[in-house]
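Engineer: Let me begin by handing over the structure; questions about it come next.
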Amino acid sequence: MTTELYKVSARILLLPTLLVALGVMVKGYADPGDGFSAGVIAALAFALQLMVFGPGELDRLPLIRYVPYAVFLGLIISLLTAFVPSVMGQTLFTHWPPAGDSAPRFGTLEFITAVAFDVGVFLIVFGFGVGVLSSFARAEGRMRTSEERVARARAAEGEAGNTT
Amino acid sequence: MSWLTDPNPALAVLIAAMLAPLLTVLAGAWRPASVRAVAVGTTALAFGTAIWATAIEPSTFSIMWIETWNVQFELAFDGLAAMYALLATGIGLFVVLYAAGYMPLHREHKGRPLIDDARFFGFLLLFMASMVGLVMAQDLLLLFVFWDLTAVASFFLIGFDRDEEDARDSALMALLVTGISAIGVLIGALLLWQEYRTFSLPLIFEQTETSVTVTWATALILVAALAKSAQFPFHFWLPRAMVAPTPVSSYLHSAAMVAAGVFLIGRIYPLIELEPWLGDALVVIGAASMVVGGVVALTRDVFKQVLAYSTISQYGYVVVMFGLGGTYGVGGAMFYVIAHALAKCALFMTAGALTEATGKQTLSESGGAVRAMPLLAFGSLLAAVGIMALPLTIGFFKDELFFAAATEHGRAMQFFAVFGAALSFAYIGRLWIGIFLGSVKQEHRPIGALMTWPVVALGILTVLGGVWVQPFREIAERAASVSYAQAIDLDIAYHFDARPENVMVLGVYGLGVVLLLTERWWRNSMRALVSIGEVIGPAHLYLLTLRALVRLSDSVHDFEVRDLRSRIASILGPAGVLVGLAVIFTPTEGTFVVGPLQRSDIPLLTVIIATAVSGVMVTFPRDHLRMVLTLSCVGYSLAVVYAFLGSPDVALVAVLIETIFALVLIAILVLMPRSILRYESRLRPARWRLGRDVTVATIAGLMAFFVAWSALSRPSASTTVISRQIELTPLAHGYDIVTVILADFRGFDTMGEITVVAIAFLGIISLIRAGRLR
Amino acid sequence: MILALSLGVAVLFGAGAYLMLKHDLIRLIIGMVLISNAANLFIMSAGLTNGAAPIYPLGDETTDPLVQAMTLTAIVISFAVTALVLSLAYRVYVSHLSVDIRELSRAEEMQADRDDEVGQPDPEKLGAPYTDAEGDRRTVAQPPNKEAQR
Amino acid sequence: MMELPLGILWFGAVIVAMLDGTRRRNAVLSIVILASALVSTLVLGADVYRNGTQEMVVGGWEQGVGISLRIDTLGIIFAVLSQAVLLAALVFETANGIKARIFPALVLFMGLGLTGVFFTGDAFNFYVFFEIAMISAYVLASYGETPRQFRSAFIFIVVNLLGSMLFLISIAALYHTTGRLDMVGIKAQVPLVAESPIVLISATIFVAFGVKLGLFPFHFWLPAVYTGTRASVVAILSGALANIGSYGLIRFGADVLPRELEFGAPVLLILGAVSIVYGGVQSISRHSANEVLAYSSIGQVGYIMVALAIGGEAGVFAAILYTVINGLNKALLFLAVSMRGWLVGTAFAIGAFSVAGVPPAAGFLGKLVLFQAAIEDGSWAIVVLVLLGGGLSFLYMFQLYRRRFWIAGEEEEESAHLPQVIVVGMAVGLLLIGLWPQPLLELADQAVLGIMGTDTAP
């Protein structure tokens, strides 16, 4: 079913999609899009791989096993941008540089903590998408034994009835 | 440290009483065998403290307790408190001594462990402590606390033999009657608060004047008091409470629970005096209790039942005396309580001792015990003649006072008093004769001295009170003068003249002896009368109420919804009704606006129509996949709507989310076997269900419609918030205001939102992968 | 336009409600999605101001950016929750081998009956004083046989 | 300082989420985190109590532009209550052995959500935190992973999601009609807006919180969920999560939309009364212990509604006090009823006395203030109603006690020691509140003052 053509095009599409995601995130402050959209786009890129190659193949991708941790990493990054100012005596969630001050630039890119926050969002959404889709994909493999499990689960429910 | 050198008597009494249960329980935790000794010791200490406090001047103690309501933790060791505290601790001491002998037998009998001693004495002494607290409490709220504590303690004591169904039921009954009626004290207290802005009894008494609120408050408190002292029609719990171990019964009947009821009447007597009909009501209720208790006691076969009904009847006297009022009424009531407590406690102990000795508990199975247990017979005889009011006992004076009070209220009252007293003469006589005289019907095991000597001691006290009445009289006088709010002088002595009281006493003896001798003639008719009473009486009403409640509960439960669909419908339906009501009951004029429709709106309108149509279309497909695709149609057209509404950000996210969501949905569908899904889609709902679904859905849609329309019809509130946000955006280093809001102005929301995502992720991982993270 | 948007919200909400009353878990979830769509559409309409996108450089009139931010947040939250519901539905399916709510209700009733049986005393015999405590014992319904699926 | 409890919980939850919660070490870590959050909330509370309401606009922007956190006494009371209940449940479950790795993290996340809900001064932010709490509850409901738990969780999630959607719609509508999202702003704007739309919105908000609370007729999900989930989870749902409902009604009703609350008082009164009677009657012959307690919760919620319907300072005061005591009662009872042993039995009895309103257990305070409010209002019908409800609660609580600890208690094995200690500790807490209610009363008083006293004109 999965022809060579699919595989090749999926592989080819991966990098550009990720680049688009990066772009969407970075340009978010000027144009539509932000970390969230970027995360979804990147996750979709992996979803494509997942559909084409199947979950087994995906596991071979480096770091993919650790993608779920991206969720927590992202959350921590976002939390840090929110709470570090608070530790430093400023109001919670005060971004750096302060309002009105000019920010260090690289070309048209401005380095501000809001971007770090957005990176956190990106990581969470990306991790979520990939994690959820790949667990669904893996669950499919386990469906074969589900009949047996149901029998077990029903027995468990019978027991549960006496303990609650 | 002034409190050490110059201790406050009131506080000292409370602390001593409170120490008793505490130390007992601790002793139980430390060494269960020591519990009995500790209980006796601590009770003696409490009694000693009470005697000491009585001997010195009346004292008060007060400390701020609940500032918000200006409630003081206010105790007073006045005459009334002294009397009841002496009773609670003194009789308590006898009871604890008796229980120290009784409990090992009882435990052995029931096969219960030693640790149950701690439970028993702990609750018994808690009972004592709360009685002591109750009688000293000067604040209605504090009084309520102690009042309910006695109910709590009695619940556990009555249900002490919890493996017996009878004990459990009786405990519940006692709790229901006394616990629910206790709310009367609370409401009454609050009504008085409403009137006087204080819960403090002395302050209330200072400014009493009759008013409807005060009368109602007093009546409510009286209901609680009467229920607790087992007066008709609340009396039915008391005989049932007999299932408790005997020490509990003797305590309950003489110095604790039931006494608490009449104590409360004495405590709030200044309020009762304000309204004459309250006194009349007391007379009626007391008289009814006298008759009901007396008549039933005459027909009972079980000792404890006889005694229980006798208590109802005896406290009927007390209530009547309070109702009659005056020096003799109030003073007599106090004196009566003392006299009755001594004698009744001894009689209960006798009944318990006998049951432990013979295993029998009915009159018909007993007889001739005087030979096996002469000492017990002697002690209980003294107690019995005390209740029968023979001369040279303290009981004689109690009846004298009663008659004196009755005489003040005319001939009818006098006759009634004689009749009532004769009843008690008869049933107590019948009990004692039935137990101790006649032929021997049973074997006797030896019982410990601890179960005999308290009876003898109490019996001797009963006689002593008839010979040297002064101390008892003084206690009663001091108590009565607190209730009556003026000094009372009770003229207690033997008068050898033909004053009405003496004539009435003779009448009592005569009538009582006649009743005793003629038992075989009236026995059957009396029993028939009583069984009629059982069928229509309050006990039966109680039972019927409970059963009706259970049935009601069952039948209501049949209507309870147990299906998810109905659960949803039962939210949407009422919600729709509520919103509908809101639409009806608020002015609708100008509320709903159609809104202008410009040419430029036509694309938007078209997409909205497309969205709505595809929304409706989602409900049609039978096939799940097709349904998911239609749902995606809705999502994508919504994205277009958002785009037309000038929000590219939302449109972008909506498209992306819709895509990934469709993937997730399809993944789930893939996980479920076709067969099941296909089976589901082939099913057709019943017609009535379809009708219901459509109706509920229409209601829900209408609800959403009205809420949306009425809100949108308001012109968008002109807001400075948005313009400020727009102005501030460049300062926040951004150009896309929406993104800046998301990452900066309202970044906190975004953080919450991604936290939700993370939690959902955790949940999904846990559900699908059984918790493994990788 | 106000009316049209309100109607749109109402239709989506109603359609969702209708689906939530079905006995099929998947339909129910789809109904929930429709309802959350209705809510999102409503939030967007709450900023009903026509104009250009709120992006610098601004036009004469911009749309309300705040509702857009709110909508975005709401969309994401409802997406996360719905994904969770879906996986829960999957577990429900795995443990009951059915996506039929009637099957779940039946299981619930059976469970309730089983709860009833765990050594309960007879509530009817409450505190009967010397009269006979007859009390008609509740008959505990036998669990209905699970009818074969498919 | 203000954000410290939130920060502790937020970071703590994320860190714990990465660890395996079934290990005792990690569970203890999460207990420490929750406890320190509770301590910081208490410290913050002391500050708020002394110096008044604290406000902060997140991000340092001006009021309205950013999200404002607004911590008043009301919020502190609810936050402390909820965190305490969560802590008790977490310790309880740790003592019993946690069975799912995400359990501690979810409890912390729920603590975060609840604390956020009680601390925020922004309507939409309220919704966000509300969803954090709710989604944690959704996952928690399936804790235990038997078919029954999945079923309960599914019912719970579907019904409550519906409620959340209604709430979301109301928030959007409030924004549209008032142009504000901060509650202070909304409160100031509402009197300027025509009555009709606000009343419709209020009705929707009422339904949303009614669903959370399990108020008749929105309660049908509640018995199934409360009987189907595990003891610690039910304790959390009934003792902590349900607080959102009463808090929401107090905050949005008495604080933000007082006019509408008064308008809807008859509805609240009727539904509250029906809940009291219905819950009480239903409880009487329910056979499973959790079911009795579940219906009892429905009844108890009715009291809170009635208190709000009475309105005025006395009514709101009663509602706050009743919610606090009810939360503690229910958490204690649900935990205790799952165990065996005479100590637990005593603890349960104290809880039962508390529900029935018998001093010195704290419950009598709730009854007292309710009676007080009703009497002051001159509504005798309410007095009778509360009396009736109290009578019913005596009956069902002690029937349950009898058969749970007097009949069944004898044969079954006693529960582990540590969980018993926790339950007994909670019971002692109830007694202490009953014996020395002054602090709670003072706090509630100040909370009422904060809501009703500062009735600022627009």
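Protein sequence lines, in the order shown, are assigned to chains A, B, C and D. Be aware that the first sequence starts at 5, since it is given in the working numbering, and climbs by one per residue. Be aware that the second sequence starts at -18, since it is given in the working numbering, and climbs by one per residue. Be aware that the third sequence starts at 389, since it is given in the working numbering, and climbs by one per residue. Be aware that the fourth sequence starts at 1029, since it is given in the working numbering, and climbs by one per residue. All C-beta atoms, glycine included, are put in the ideal place defined by N, C-alpha and C. From a predicted model like this one, the values you see are computed outputs, not experimental measurements.
1) On the DSSP bridge list, what partners appear for ARG1098 of chain D?
2) Once you ignore the five residues that flank SER691 of chain B on each side, which residues in its own chain have a CB closer than 7 Å to its CB?
3) At the 9 Å Cβ level, is THR1148 of chain D part of the contact set with chain C, yes or no?
4) Within a Cβ cutoff of 6 Å, which residues of the same chain sit near LEU153 of chain B, ignoring the five residues on either side of it in sequence?
5) Just the Cα atoms here: how many angstroms apart are VAL482 of chain C and ARG415 of chain C?
6) Using 10 angstroms around the beta-carbon of GLY93 of chain A, count the other beta-carbons present and answer buried if the total reaches 16, otherwise exposed.
7) What does GLN175 of chain B touch in chain D if you count any residue whose Cβ is under 8 Å from its own?
8) With DSSP as the reference, identify every bridge partner of ILE68 of chain A, one or two as the case may be.
9) Alpha carbon to alpha carbon, how far is PHE1376 of chain D from PHE1039 of chain D?
10) My output table needs one value for VAL283 of chain B: the three-state DSSP class, helix, strand or coil.
11) Rounded to whole angstroms, what is the Cα-Cα separation between VAL77 of chain B and SER210 of chain B?
12) Report all residues from its chain with a CB closer than 8 Å to the CB of ALA547 of chain C; omit the five preceding and five following residues, and keep chain order.
13) Across the segment 1139 to 1148 of chain D and the segment 1453 to 1472 of chain D, are there enough close Cβ pairs to call them in contact, namely three or more that are closer than 8 Å?
14) Are the C-beta of ALA620 of chain B and some C-beta of chain A separated by less than 9 Å?
15) Below 8 Å, how does it come out for the segment 421 to 431 of chain B and the segment 329 to 342 of chain B: are there three or more Cβ pairs, yes or no?
16) Take SER466 of chain C as the anchor and find which of B:THR196, B:ALA635 and B:PRO519 has the nearest alpha-carbon.
17) With burial defined as no fewer than 16 other Cβ atoms inside 10 Å of the residue's Cβ, what is the status of ARG504 of chain B: buried or exposed?
18) Measure the alpha-carbon distance for PHE1237 of chain D versus TYR232 of chain B and round it to whole angstroms.
19) What does DSSP give as the partner residues of PHE54 of chain B in its beta bridges?
20) Measuring alpha carbon to alpha carbon, tell me which residue in D:LYS1240, D:SER1198, D:ALA1112 and D:PRO1225 is nearest THR1487 of chain D.
21) Which partner residues does ILE443 of chain C have in the DSSP bridge list?
22) Pick from B:ASP142, B:ALA148, B:ALA170 and B:GLU89: whose alpha carbon is nearest that of PHE125 of chain B?
23) I'd like to know whether the C-beta of PHE729 of chain B is nearer than 9 Å to at least one C-beta of chain A.
24) Is it a yes or a no for the segment 1078 to 1096 of chain D touching the segment 1201 to 1219 of chain D, going by three-plus beta-carbon pairs under 8 Å?
25) Going along the chain, which residues of the segment 451 to 467 of chain C sit with their C-beta nearer than 8 Å to a C-beta in chain A?
26) Output needed for SER595 of chain B: all residues of its chain with C-beta closer than 7 Å, excluding positions within five of it in sequence on either side, in chain order.
27) What is the DSSP secondary structure of ASP(-13) of chain B, counted as helix, strand or coil?
28) Could you give the DSSP three-state label for SER704 of chain B: helix, strand or coil?
29) Are the beta-carbon atoms of VAL1186 of chain D and SER747 of chain B separated by less than 9 Å?
30) List the residues that DSSP assigns as beta-bridge partners of THR1148 of chain D.
31) When you compare the segment 1124 to 1134 of chain D with the segment 695 to 711 of chain B, are there three or more beta-carbon pairs, one atom per stretch, that lie closer than 8 Å?
32) Leaving out five residues on either side along the sequence, give the residues of the same chain with a beta carbon under 8 Å from the beta carbon of THR1069 of chain D.
33) Start and end of the alpha helix (DSSP H) containing VAL30 of chain A?
34) For ILE1185 of chain D, would you say it is in contact with chain C, using Cβ-to-Cβ distances shorter than 9 Å as the test?
35) What does the alpha-carbon distance come out to for the pair THR331 of chain B and THR343 of chain B?
36) Following the continuous alpha helix (DSSP H) through HIS538 of chain B, name the residue where it begins and the one where it ends.
Structural biologist: Result, derived from the coordinates:
1) D:GLU1083
2) THR572 and PHE573
3) no
4) none
5) 17 Å
6) exposed
7) ILE1403 and GLU1404
8) DSSP lists no partner for ILE68 of chain A.
9) 35 Å
10) strand
11) 22 Å
12) Outside the displayed range of chain C (389 to 538) lies residue 547 of chain C, so it cannot be described from this structure.
13) no
14) no
15) yes
16) B:ALA635
17) exposed
18) 51 Å
19) B:ILE44
20) For residue 1487 of chain D there is no data in the structure shown, the boundaries of chain D being 1029 and 1486.
21) B:ASP717
22) B:ALA170
23) yes
24) yes
25) LEU460 and VAL464
26) THR611, CYS614, VAL615 and SER618
27) coil
28) helix
29) no
30) D:LEU1097
31) no
32) PRO1033, ILE1104, ALA1107, VAL1108, GLN1111 and THR1143
33) 8 to 30
34) yes
35) 13 Å
36) 519 to 539
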